[in-house]
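Undergrad:
Residue numbers (my numbering), protein chains in the order written: chain U, 1 to 473; chain S, 474 to 677.
#1: To be precise: take each residue of the stretch 605–620 of chain S, compare its Cβ to all Cβ atoms of chain U, and keep it if any distance is under 7 angstroms. Which residues remain?
#2: Which residues, in chain order, does the stretch 574–593 of chain S contribute to contact with chain U at a C-beta distance below 9 angstroms?
#3: Use the C-beta contact count for residue 444 of chain U: other C-beta atoms within 10 angstroms, 16 or more gives buried, fewer gives exposed.
#4: Counting only C-beta atoms, is residue 389 of chain U closer than 7 angstroms to chain S at any point?
#5: Looking at the C-beta of residue 678 of chain S, does it have a partner C-beta in chain U at a distance below 7 angstroms?
#6: Could you check if residue 316 of chain U is buried or exposed, using at least 16 other CB atoms within 10 Å of its CB as the buried criterion?
#7: Which bits of chain U does residue 649 of chain S rub up against, with CB to CB less than 8 angstroms?
#8: Can you determine whether any heavy atom of the ligand PLP sits closer than 6 angstroms to the C-beta of residue 413 of chain U, and answer yes or no?
#9: If you draw a straight line from the alpha carbon of residue 302 of chain U to that of residue 618 of chain S, how long is it in whole angstroms?
#10: Could you work out which residues of chain U lie near residue 667 of chain S, taking near to mean beta carbons separated by less than 7 angstroms?
#11: Within the continuous beta strand (DSSP E) that includes residue 62 of chain U, where are the two ends?
#12: In the DSSP assignment, the alpha helix (DSSP H) including residue 583 of chain S goes from what residue to what residue?
#13: Expressed to the nearest angstrom, what Euclidean distance is found between the alpha-carbon atoms of residue 320 of chain U and residue 122 of chain U?
#14: Which ranges does the beta strand (DSSP E) cover as unbroken runs of at least 3 residues, wholly within the stretch 52–108 of chain U, from first to last along the chain?
#15: Return no unless some Cβ of chain C is closer than 7 angstroms to the Cβ of residue 123 of chain U.
#16: So which residues on chain S does residue 175 of chain U lean against when the C-beta distance must stay under 9 angstroms?
#17: Drop a sphere of 10 angstroms on the beta-carbon of residue 255 of chain U, count the other beta-carbons inside from all chains shown, and report buried for 16 or more, exposed for fewer.
#18: Using a 10 Å radius around the Cβ and a threshold of 16 neighbouring Cβ atoms, would you call residue 600 of chain S buried or exposed?
#19: At a Cβ threshold of 7 angstroms, is residue 483 of chain S touching chain U?
#20: Count the other CB atoms, across all protein chains shown, that sit within 10 Å of the CB of residue 474 of chain U; report buried if there are 16 or more and exposed otherwise.
#21: Could you tell me the distance, in whole angstroms, from the CA atom of residue 464 of chain U to the CA atom of residue 116 of chain U?
#22: Using a C-beta cutoff of 7 angstroms, does residue 655 of chain S count as contacting chain U?
#23: Helix, strand or coil for residue 433 of chain U per DSSP?
#24: For residue 400 of chain U, report the span of its alpha helix (DSSP H) as first-last.
#25: Check for me: the alpha helix (DSSP H) holding residue 514 of chain S runs from which residue to which?
#26: Enumerate in chain order the residues of its own chain whose CB-to-CB distance from residue 58 of chain U is below 7 angstroms, with the five nearest sequence positions on each side excluded.
#27: Does the stretch 162–173 of chain U come into contact with the stretch 134–146 of chain U, if we say contact requires no fewer than three beta-carbon pairs (one atom in each stretch) closer than 8 angstroms?
#28: Whose Cβ in chain S lies nearer than 9 angstroms to the Cβ of residue 161 of chain U?
#29: Can you confirm whether residue 261 of chain U, when its beta carbon is compared against all beta carbons of chain S, has any partner nearer than 7 angstroms?
#30: I think residue 441 of chain U touches residue 329 of chain U, with their Cβ atoms under 8 angstroms apart; what is that distance to the nearest whole Å?
#31: Could you tell me which residues DSSP pairs with residue 187 of chain U in its beta bridges?
#32: Is the separation between the beta-carbon of residue 177 of chain U and that of residue 193 of chain U shorter than 7 angstroms?
#33: In chain order, what residues of the same chain lie with their CB nearer than 6 angstroms to the CB of residue 632 of chain S, ignoring the 5 residues before and after it?
#34: Quick one: grab the DSSP three-state call for residue 124 of chain U.
#35: Going by the CB atoms, is the gap between residue 287 of chain U and residue 214 of chain U shorter than 7 angstroms?
#36: Are the C-beta of residue 164 of chain U and some C-beta of chain S separated by less than 7 angstroms?
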């Protein structure tokens, strides 16, 4: 059997995940193995030679792009490697936080399996079969969700149900699309097919009104797990969705479709933003803010004629790092304080200055505060939305302002001293935060600042992914 | 196999109605197994028998996984009492009426679905698939019990697979569907066992 790229980025992580399961008692070893695999595969994808030949000393390893599985091809083309490097790199980053107390022991193997399944989804031919591989990733994610409490079951079942319902919609729509390309645009079947496809993606991306599972999952699960899932699933689904626009000219050239996508994106931004602003529970607020982010991705997709696809892709790294910091600080807060209700955190800004700063900056970075990572892309998106239509721009701005409002409310709460502080503070040490807790926060805030100040040099690399979609460049 | 297609469809209607109406886990599991048998006959109209039988075997495996884990949980929590999920006459009538509505809708809508969307697919295949999907969606909408939710999701997938089998023959696709079906069944078994653990802890 010759070496092929799917063997490296699909099969190898699954094998490592199985080994990690057997090493679950040896935490340190499984941690090193999982994180090293994820980062190693990310680096390999980032620096893989274009001719797919690896030279290690006298040894020349020639790789093939395709692997035959049950009569069909799984092809991991060189052009998609920047995205593969990105998702494996981010998986590695999340794996670094897998030793935080409360993170399920299954997180290490499961996160590798999810990333491998989603990589397979981007490489399977015919591309429609990806729907089943995305479903496999969803099924793999269940063991990392909290099944100890009965209240959390409803959210997980809704997540499972919506994801299961999405798959047939996408498969049937994909099958119909091959037939409708030859029909005139006014044929009712064309519209029906687009509606079916849209429904599938709406279920996958938790578009309003299919969003309820996001906040239910977010409320009852560990922030590290939730932030990872809510980053990796929508991101890969969006990249997979580009296949449809790349292959079908009538989708790519239809102004109505892009208008509808822009509108749906704006509705999600407004809806998610307003709900985020009024939340009192930090984990629920995170759930709602991910809806805003999915809305921004859809808005960017809707603006593809104006260069929106590059913005959509450039948002991914900035968002992923913001989510990571947000999830990390929430997890640490939960470990220290128990509750993540806003009232319970009154005065904690004094007690946990690094954690509080990290949390607020993570939120503001995702929201798009100037000099932080998401700002350059979001300002470009909002400006373009304004130029397309003032209503679109104003509503998008109002929606994105929701997360700012929430951050300001949280900041006020964290910095307002409570009665207990005046008694406790003189007797306790300056901060109970450990160095191992705040060093990652400081480093990530620095990274967010660097991205915010030099967006082109850091974020533009991922736009190379567009070369995998020849019609969309 | 064509001679068996109408009996298979009747079997599907009866089995899916039983899953929707009754709450006894044994009855539901048997009905699901029968539903897979009916689906196997309909799939074999478009696929070679060797490939179609995969759906039957996987379906029965999934049914066994979910049913036996429910039985184990049930036995752990209620060793000497009635094992059926609590139910009332009015809810039985409601679910029966909802099921009849789906049967009527199925007969009303599927001919136009065949004419406009799937002209090359037998009407009985479309009717069988849509029937199972409709009943499964109704079931999903009206309850949140882990056992029934997983059975509904398995049924919904089965309905879709019947129709999709008539559109495309692919070994990889069959393999992926096997993965998803068994994955769903395992997830169901996992939830049911977790539910049992929780209830046991509460009781003790």
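Glycine residues also receive a C-beta, built at the ideal position from the N, C-alpha and C atoms.
TA: For this structure:
#1: 613, 617 and 619
#2: 589 and 590
#3: Within the first chain, residue 444 of chain U is the residue found at index 444, counting from 1. Its Cβ being crowded by 16 or more others within 10 Å, residue 444 of chain U is buried.
#4: Here residue 389 of chain U is taken as the residue at index 389 of the first chain, counted from 1. No, residue 389 of chain U does not count as interfacial toward chain S.
#5: Residue 678 of chain S lies beyond the stretch modelled for chain S, which goes from 474 to 677, so this question has no answer here.
#6: Locating residue 316 of chain U in the first chain gives position 316, counting from the first residue. The residue is buried, with at least 16 neighbouring Cβ atoms inside 10 Å.
#7: Your numbering for residue 649 of chain S matches position 176 in the second chain. The contacting residues are 129, 132, 133 and 136.
#8: Here there are no bound small molecules, and the ligand PLP is not part of this structure.
#9: Residue 302 of chain U sits at position 302 when you count from the first residue of the first chain. Residue 618 of chain S sits at position 145 when you count from the first residue of the second chain. Approximately 39 angstroms between the Cα atoms of the pair.
#10: For the purposes of this step, residue 667 of chain S is identified with residue 194 of the second chain, where counting begins at 1. Under the 7 angstroms cutoff, chain U gives 147.
#11: On the first chain, residue 62 of chain U is found 62 positions in, with the first residue counted as 1. Its beta strand (DSSP E) spans residues 59–62.
#12: Here residue 583 of chain S is taken as the residue at index 110 of the second chain, counted from 1. 562–589 is the span of the alpha helix (DSSP H), which, as asked, contains residue 583 of chain S.
#13: Reading the first chain from its first residue, position 320 is the one you call residue 320 of chain U. Reading the first chain from its first residue, position 122 is the one you call residue 122 of chain U. So the alpha carbons of these two residues sit roughly 19 angstroms apart.
#14: 53–56, 59–62, 66–69 and 72–75
#15: Chain labels in this structure do not include chain C; the protein chains are U and S.
#16: Taking the first residue of the first chain as position 1, residue 175 of chain U is located at position 175. The answer, in chain order, is 637, 640 and 641.
#17: Within the first chain, numbered from 1, the residue matching residue 255 of chain U stands at position 255. It counts as exposed.
#18: Here the question's residue 600 of chain S lines up with position 127 in the second chain. Counting Cβ neighbours within 10 Å, residue 600 of chain S comes out buried, since at least 16 surround it.
#19: Counting from one through the second chain, the residue named residue 483 of chain S turns up at place 10. Not an interface residue.
#20: Nothing about residue 474 of chain U can be reported from this structure: the residues present for chain U run from 1 to 473 only.
#21: By 1-based counting over the first chain, the position of residue 464 of chain U is 464. By 1-based counting over the first chain, the position of residue 116 of chain U is 116. When rounded, the distance between both Cα atoms is 21 angstroms.
#22: As a first step, residue 655 of chain S is located in the second chain; it is residue number 182 there, counting from the start. Taking Cβ atoms only, chain U never reaches closer than 7 angstroms to residue 655 of chain S, which makes this a no.
#23: Here residue 433 of chain U refers to the residue found at position 433 when the first chain is read from its first residue. DSSP places residue 433 of chain U in coil when its eight states are reduced to three.
#24: Within the first chain, residue 400 of chain U is the residue found at index 400, counting from 1. 390–415 is the extent of the alpha helix (DSSP H) around residue 400 of chain U.
#25: The residue given as residue 514 of chain S occupies position 41 in the second chain. Looking at the DSSP string, the run of the alpha helix (DSSP H) that includes residue 514 of chain S is 498–516.
#26: For the purposes of this step, residue 58 of chain U is taken as residue 58 along the first chain, with counting starting at 1. There are no such residues.
#27: yes
#28: Residue 161 of chain U sits at position 161 when you count from the first residue of the first chain. Those are 613, 622, 625, 626 and 629, listed as they occur along chain S.
#29: By 1-based counting over the first chain, the position of residue 261 of chain U is 261. It does not; no Cβ of chain S falls within 7 angstroms.
#30: Position 441 of the first chain holds residue 441 of chain U. Position 329 of the first chain holds residue 329 of chain U. Confirmed, Cβ separation roughly 7 angstroms.
#31: Within the first chain, residue 187 of chain U is the residue found at index 187, counting from 1. Bridge partners of residue 187 of chain U: none, in fact.
#32: For this step, residue 177 of chain U is matched to residue 177 along the first chain. For this step, residue 193 of chain U is matched to residue 193 along the first chain. Their beta carbons are under 7 angstroms apart, which means residue 177 of chain U touches residue 193 of chain U by this criterion.
#33: Within the second chain, numbered from 1, the residue matching residue 632 of chain S stands at position 159. 602, 605 and 606, listed in sequence order.
#34: Within the first chain, the letter at position 124 stands for residue 124 of chain U. The answer is strand: DSSP assigns residue 124 of chain U an E or B state.
#35: The residue given as residue 214 of chain U occupies position 214 in the first chain. The residue given as residue 287 of chain U occupies position 287 in the first chain. A contact, by the Cβ cut-off of 7 angstroms.
#36: As a first step, residue 164 of chain U must be located in the first chain, where it is residue number 164. With 7 angstroms as the cut-off, residue 164 of chain U counts as an interface residue toward chain S.
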